[in-house]
Each structure stands twice: as C-alpha cells, then as structure tokens.
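Residue numbers for the sequence shown follow the working numbering, beginning at 1 and rising by one.
Glycine included, C-beta positions come from ideal geometry on N, C-alpha and C.
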Amino acid sequence: MAAAEVVLVSFRSREHVAELLRSWPEELRVTVVDNSADVDGVRGVVEARPRTRYLDGGGVGFARGANLGARASEAEYLVFVNPDCRPSADDLAALVRGLAEDPTALAHAATMTDAEGAVEAGVGGWEPSVPRLLVHALGLHRRLPTGGLFARPAAGEHVDVDWVTGACMAVRARVFRELGGFDESFYVYAEDVSLGREARRRGWRCVLREDVTVSHGAGRSGAPSAEMLRLRGASFAWYLTRYHRRWSLLLRWLMVLGAVTRSVPALVRRDAETLRGQLQLCRGLLSRRAFVGGREVAARRFAEVAAAG
C-alpha cells in the first residue's frame, strides 16, 4: 500500500487509535487528526510511531477534520477509518486494490458489522425519495432490499450505491479533493451522502464491498451515543432541507415513522437504551438541532457554511 495513506479523525479516542496503530505494519502511513486538543494524550501515541503524522483538527467535526488530513497527504489513495473500527492491514489493502482496478469509482467502502456480526444500517445507500423512505418507514427493506434507503448487501456482492459510509472508505485522493472533499456544512453525518451526490453529478461511482467486512464499535469514538444519534437525525434533516426542500418536511416525518416502527420490538423487549436512541434520532430530525458538549453544532454549522458561500 505504498501509494495509500490512512486518515483517522480522533475525538478523545486515544485507546482506539493506539490499538489500531499497533495492529498495522509500521510502513503504513497514517495521519491522525485530533479534534480534542490532545486532552487524552493521543499526540504522544501518534508521534511514537514511524510514518505517522499528528494534526490538530481544532475540534471542528468529522468533515473538516477529514478534509484537513486529505489536504496534508500526497498519497494517490486515502483510506478514511473511524477509530472505533477494526480493519486489518489486509482489509485496507483490499479496498485500495479494488479501487485501483475500478477506474470509474471514486470510492470503495467496507461493509460495517456490529458486535454480533450483523450488517449495520447506514453502511451505504441511495438518495432519499418518497418511495424509498416509505419502504424504510414501513420496514419493507427485507422484501425490497434495493428499494429502501440503506443497502444491506448479500454475501459476495459488490453493490453500486449512491453513497458509502466514511467509516472505512478508500478514495482516489485527487478526485476527492476536486469534488471538494466531505461537505463541511455537516458537523458529522450526512457528509458522506453529500459526497456521493457530488460524485454522481460528475460521473463517479461509489461501491460497497461485501467481501471486506469490518467490525464497528457503533459510536464508541466521540460524544455519547445519545448525542451522536441526535446529530445523525439533525444532519440528515439539513441534508433534506438543502437538496429536497420541496419534500423535506414529509421526508423527515417518514424517517420519524421509520424510527417509531423500529422502536416497537425494543418496546416489547423493554430495551430502554434503543428506545432512548430512537427518541434522540427523532428529536434531531424534527428540530434540526444537536449538541456536543452543550454546544449546538448542527444548525450552527449549516448556517455558518451557507453564509460563507
């Protein structure tokens, strides 16, 4: 992987970063963008490893942090990895190799799995629309696996989708920068959906790789999960506001209906954690506001970027 570099965006994720760096060969180049001002001592971990660069991200969210890392690299390919993922060096090499052999693709992304090995929702998917969100809201995605919002790849599939998650994703560095990188209107979440939209507009594809499966910690890196779920909802609401303004309110309510549908089994199981998470997702979708450390970041970032340009 001489032509590739890994970019990690860390937020109070020292132990996760250290574990990843220990698991990869020292010849693998890595840039760590620290969004928590070294409060956890991650800089020392980074600087102790060869071919590893530390950048102060300034606490500005995932999209800006990832773009900072991308601009600092001279590699032909970049692999964005969340600190709470566990890709092996072979996984990273497979993504880069597949991308190199696929000249019309911007990105190849791993399929993320949870602790039980099940494919996570949100690993990739399609542009929101009323029909797709109806399938999502009514829980019909198992009968219509390519008709909903999120992809659920079957074994052995390489799926062309409208967007792929940035949790473990290889991109062509030059093209990524030409497209403007991740959309900095979003503090975290929806920046990958927006990138996929711009890639399609310019004739590039995004591929979800089922043959590369990576365990994901589902929010262990960053703010507490309730905050992150509200952020997910708020960011998606702003995405709908920008690109689907006419139908935005209906689409947001369909996503809320989907959250309610998914809450019913949790209610039967008396799974309070899942119920709280779905409630926070709905709050973000309806209010378009979300907070990190008591500071509102979703609406503020969207307004800030809109005002700047």
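Distances from the alpha-carbon of Val17 to those of Leu281, Arg43, Ala121, Val175 put Arg43 closest. Contact between Val81 and Leu8 holds: CB atoms are separated by about 6 Å, below the 8 Å threshold.
By the Cβ criterion, the region 137-154 is in contact with the region 206-214, since at least three pairs of Cβ atoms, one from each stretch, lie closer than 8 Å. For the pair Ala306 and Arg270, the Cα-to-Cα distance works out to about 42 Å. About 6 Å separates the Cβ atoms of Arg301 and Ser185, confirming a contact at the 8 Å cut-off.
In the DSSP assignment, the residues bridged to Phe150 are Gly125.
In this structure, Tyr239 sits away from Pro145, with a CB-CB distance that is not shorter than 9 Å.
Within the region 58-98, the alpha helix (DSSP H) runs of at least 4 residues that lie entirely inside it are, in chain order, 62-72. Boundaries of the alpha helix (DSSP H) around Arg174: 173-178. In this structure, Phe182 lies near Arg64, with their beta-carbon atoms less than 9 Å apart.
Taken through DSSP and simplified to helix, strand or coil, Leu106 comes out as strand. Distance from the CA atom of Leu286 to the CA atom of Glu273, rounded to whole angstroms, is 20 Å. Here His216 really is in contact with Glu120; their C-beta atoms are around 6 Å apart, less than 8 Å. Pairing Tyr77 with Ala3 gives a Cβ-Cβ distance under 9 Å. Taking a cut-off of 8 Å on C-beta distances, the region 160-179 touches the region 56-72, as three or more cross pairs fall below it.
A direct Cα-Cα distance of roughly 46 Å separates Pro265 from Ala75. For Tyr54, the uninterrupted beta strand (DSSP E) run begins and ends at 52-56, by DSSP. According to the DSSP assignment, Ala237 belongs to the alpha helix (DSSP H) that extends over 225-243. Approximately 5 Å separates the beta-carbon atoms of Val123 and Met112; this is inside 8 Å, confirming the contact. Excluding the 5 residues flanking it on each side, Val135 has same chain C-beta neighbours closer than 8 Å at His141, Leu144, Gly147, Gly148, Leu149, in chain order. Taken through DSSP and simplified to helix, strand or coil, Asp160 comes out as strand. A distance below 8 Å between beta-carbons, with the five flanking residues on each side excluded, links Ala89 to the following residues of its chain, in chain order: Met1, Ser23, Trp24, Pro25, Leu28.
With distances taken between CA atoms, Leu195 lies nearest to Asp162 out of Cys168, Asp162, Ala226, Ser225.
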